[in-house]
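What follows is a short report on a single structure.
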Amino acid sequence: MARYAFLITLLFTLNTFAQDAPAGLSVFKAKCMMCHGADGQANTTMGRQVNAANLLSADVKKLSAAEMKDVVTNGKGSMPTFSDQLSPEEIDAVVGYVRAMEKNAK
Ligand code: HEC
0 MARYAFLITL LFTLNTFAQD APAGLSVFKA KCMMCHGADG QANTTMGRQV NAANLLSADV
60 KKLSAAEMKD VVTNGKGSMP TFSDQLSPEE IDAVVGYVRA MEKNAK
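Going by numbering that gives the first Met the number 0, the first residue of the sequence shown is number 0, and it counts up by one from there.
If you want it as structure tokens, here you go:
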């Protein structure tokens with residue numbers, strides 16, 4: 000039993016790493032970074048112009064993954080809609096990447 004638990008944990012870890020990290024990062028670079036910046040703090044020309052949210056702020060941290068997914072899918076204010084550009088899997092991956100950024104920044 001313990002061995003299975005270990006294998007499942009290992010698979011889950013590899014899976015999370017394989018999907019969220021690289022896929023999330025490449026989606027972020029391609030679709031989010033011009034406004035939200037490489038560090039998520041929106042210190043970019045475009046980010047300042049549209050008043051993009053600081054992804055490391057307390058307000059964004061308290062969004063659930065489902066709420067964040069909804070914002071990315073359907074847009075909000077000057078934040079564009081991504082349902083026509085990204086698959087639900089890519090949106091999950093980029094939400095995972097934003098969550099990882101928030102964790103790594105503290
Ligand atoms: C054109 C610039 C732009 C791009 C590109 C962009 N955003 Fe945003 N984003 C915004 C703006 C502006 C807001 C603030 C929206 C508001 O609160 O009215 C925002 C807000 C957010 C929020 C906070 C929402 C909330 O409810 O507080 C998250 C999370 C977010 N963006 C994630 C992303 C992700 C992930 C991507 C890439 C898939 C992305 N954004 C791409 C401009 C952008």
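Backbone N, C-alpha and C fix where the C-beta goes; we use that ideal spot for every residue, glycine too.
Here's the rule: buried if 16 or more other CB atoms are within 10 angstroms of the residue's CB, otherwise exposed. What is residue i?
i: Asp-58; result: exposed
i: Glu-66; result: exposed
i: Asp-91; result: buried
i: Gly-76; result: exposed
i: Ala-51; result: buried
i: Glu-89; result: buried
i: Ala-41; result: buried
i: Gly-123; result: Nothing in the structure corresponds to residue 123, since the chain is present only between 0 and 105.
i: Gly-39; result: buried
Give the straight-line distance between the Cα atoms of residue i and residue j, rounded to the nearest whole angstrom.
i: Gly-46; j: Pro-21; result: 23 Å
i: Cys-34; j: Val-49; result: 8 Å
i: Lys-60; j: Leu-85; result: 22 Å
i: Met-32; j: Asn-53; result: 12 Å
i: Ala-29; j: Ser-63; result: 23 Å
i: Phe-27; j: Lys-102; result: 16 Å
i: Gly-23; j: Arg-98; result: 10 Å
Under the three-state reduction of DSSP, which class applies to residue i: helix, strand or coil?
i: Lys-61; result: coil
i: Lys-102; result: helix
When you compare each of the options to residue i by their alpha carbons, which one comes out closest?
i: Gly-95; options: Gln-40, Ala-41, Lys-68 and Ala-37; result: Lys-68
i: Met-78; options: Val-70, Gln-84 and Gly-23; result: Val-70
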